[in-house]
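Colleague: Before anything else, here's the structure in question.
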Amino acid sequence: MLANAVYIACLKGTESEANPQVYLETPLHPEKLTVWCALWAGGIIGPYFFKNDGGHNVTVNGDRYRAMITTFFIPELNNHDVQELWFQQDGATCHTARATIDLLKDTFRDRLISRFGPVNWPPRSCDLTPLDYFLWDYVKSLVYANKAQTLDHLEDNIRRVIADIRPQMLELSC
């Protein structure tokens, strides 16, 4: 089981499509979503979108990451027939906070591959990180082709693209 989060921005054009001589004002930083998925040869858990209690998009910190693990990931994992599964995550600070590592050790015991975990995470390994080298590139290529104009539309596109990924694709990537 591999897990990772990524930022996906809502890309909007800067030129008027009706009149290319007219430039539209755009914010300095694009609106974005923070989306998380877990992946194994048998399926995908997620997407999970990080939002606050008011439903607004937020970035990930240790508290939000642990809340996602306890309220979303572990219950979803329990819905699948997986035993003795290994869990791997990258070295992001929210992933490697002491409280996060303790929570993951309680869940996966010595089957945790992570910075500060029982087995150290191997950075930049395309064979061991298909989320970075397969899933997110694939999702972004299809999502950005659709040019979502709102974050809600972007979220819908991400959900659709991930739902359409077939097990055969996952078997090849893991």
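The opening residue of the sequence shown carries number -13 in this note's numbering; numbering runs sequentially from there.
From the three backbone atoms N, C-alpha and C, an ideal C-beta is built for every residue, glycine too.
Keep in mind the model is a prediction, meaning the values are calculated, not measured.
(1) The alpha helix (DSSP H) spanning Val21 covers which residue range?
(2) Looking at Leu140: is its Cβ nearer than 8 Å to the Cβ of Ala149?
(3) By DSSP's criteria, Tyr34 is part of a beta bridge. Which residues make up the other side?
(4) Measure how close the beta-carbons of Asp76 and Trp107 come, nearest whole angstrom, since I'm counting them as under 8 Å.
(5) Considering only their Cβ atoms, is the gap separating Leu89 from Phe73 smaller than 8 Å?
(6) Since Leu19 and Asn47 are thought to touch, with beta carbons under 8 Å apart, how far apart are those beta carbons, to the nearest angstrom?
(7) Give the C-beta separation of Glu62 and Ile31 to the nearest angstrom, bearing in mind that I take them to be a contact with Cβ-Cβ under 8 Å.
(8) By the 10 Å Cβ neighbour count, where 16 or more other Cβ atoms means buried, how is Val105 classified, buried or exposed?
(9) Which runs of the alpha helix (DSSP H) at least 4 residues long sit entirely within the segment 30 to 84? Give them in chain order.
Modeller: Let's see:
(1) It is not in any alpha helix (DSSP H) - Val21 instead sits in the beta strand (DSSP E) that spans Lys18 to Trp26.
(2) No, they are not a contact pair.
(3) Tyr34 has Trp22 as its beta-bridge partners, per DSSP.
(4) The pair is a contact, with the Cβ atoms about 6 Å apart (cut-off 8 Å).
(5) In this structure, Leu89 does not lie closer than 8 Å to Phe73 by Cβ.
(6) About 16 Å separates the two Cβ atoms, so there is no contact after all.
(7) Taking 8 Å as the upper bound for CB-CB distance, Glu62 and Ile31 are in contact here, some 5 Å apart.
(8) Val105 is exposed by the Cβ-count criterion.
(9) Within the segment 30 to 84, the complete alpha helix (DSSP H) runs of at least 4 residues are 48 to 54, 60 to 64 and 79 to 82.
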